[in-house]
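Chemist: Got a structure for you, written out below as structure tokens; questions coming shortly.
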Amino acid sequence: MRLAFILLFGLTANMAIADVGLSNAVRLGSASFRWLGVNIYDATLYTQSARGFSWNNPLALELIYKTGVSGKKLAGSAVIEISRLEGKPADHQEFMAKLRSCFRDVKTGDRYVAVSPAKNRVNLSLNGRRTCSVNHPGARERFLGIWLSPKSRAPKLSRRLRGE
């Protein structure tokens, strides 16, 4: 009986990990983001083949929303955070325009996944349906830095996601 449970649990866990869009996905860390005491989302970071966190490795970030948020608010928050982290380099407006089209309204239980198979590419999906694919220099670190940068607004969440 115990073996059956372990096998079933292991199979279920692997199916969930495979669902983030990376081959040989390994969970690095998880954390919840709260704002004024309200749980906004639960986040989990994955990489390939237990390589540990590195901006040089393919990454997938899963966000499961615990409350509804408009796509406009999500896009606006992304623009504000990227601007805060990197300032406004010459290609800032071009990169922000590409990102703005990625966001949709979310409700409780919705699942956004940002998969970055290459340093210049990020694919976003909402509940398993792709919302966009952004190809832009440094897209991985610039976008995922919102959650993973040591300078993020939630450094404790960032450390937990990076597995530190």
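Throughout the sequence shown, residue numbering follows mature numbering (1 follows the signal peptide of the UniProt record, and there is no 0), covering -18 to -1, 1 to 146 in sequence.
Note that beta-carbon positions come from the ideal geometry of N, C-alpha and C, so glycine has one too.
#1: For G127, which three-state DSSP category applies?
#2: Report the three-state DSSP secondary structure of R144 (helix, strand or coil).
#3: Pick out whichever of R142, E146, G145 and K133 has its Cα sitting closest to the Cα of residue 150.
#4: Return the residue from the list R33, G11 and I22 that minimises the CA-CA distance to S5.
#5: Checking 7 Å against the spacing of the C-beta atoms, do K41 and T29 come in under that value?
#6: Out of curiosity, what's the CA-to-CA distance linking A96 and N105?
#7: How is the beta strand (DSSP E) around L4 delimited, first residue to last?
#8: Please go through the stretch 60 to 144 and give each complete beta strand (DSSP E) segment of 3 or more residues, from N-terminal end onward.
#9: So if DSSP puts L18 in a beta bridge, which residue, or which two residues, is it bridged to?
#10: Take A121 as the anchor and find which of P99, K138, S140 and A136 has the nearest alpha-carbon.
Modeler: Considering the structure as presented:
#1: Counting from 1 along the sequence shown, the entry for residue 127 is found at position 145. It is helical.
#2: By 1-based counting over the sequence shown, the position of residue 144 is 162. Three-state result, R144: coil.
#3: The structure shown has nothing for residue 150, since the chain only spans -18 to 146.
#4: In the sequence shown, the residue the question calls residue 5 occupies position 23. It is R33 whose Cα lies nearest to the Cα of S5.
#5: Taking the first residue of the sequence shown as 1, we reach residue 41 at position 59. Taking the first residue of the sequence shown as 1, we reach residue 29 at position 47. The sequence shown places Leu at residue 41, not Lys. Result yes, Cβ atoms of L41 and T29 sit closer than 7 Å.
#6: For the purposes of this step, residue 96 is taken as the residue at position 114 of the sequence shown. For the purposes of this step, residue 105 is taken as the residue at position 123 of the sequence shown. If I take the Cα positions, the gap works out to 6 Å.
#7: Within the sequence shown, residue 4 is the residue found at index 22, counting from 1. Note, L4: premise wrong, no beta strand (DSSP E); not H, not E.
#8: 93 to 100, 103 to 108 and 111 to 117
#9: Position 36 of the sequence shown, counting from 1, holds the residue named residue 18. In DSSP, L18 forms no bridge with anything.
#10: Translated into positions along the sequence shown, residue 121 becomes position 139. Closest by alpha carbon: P99.
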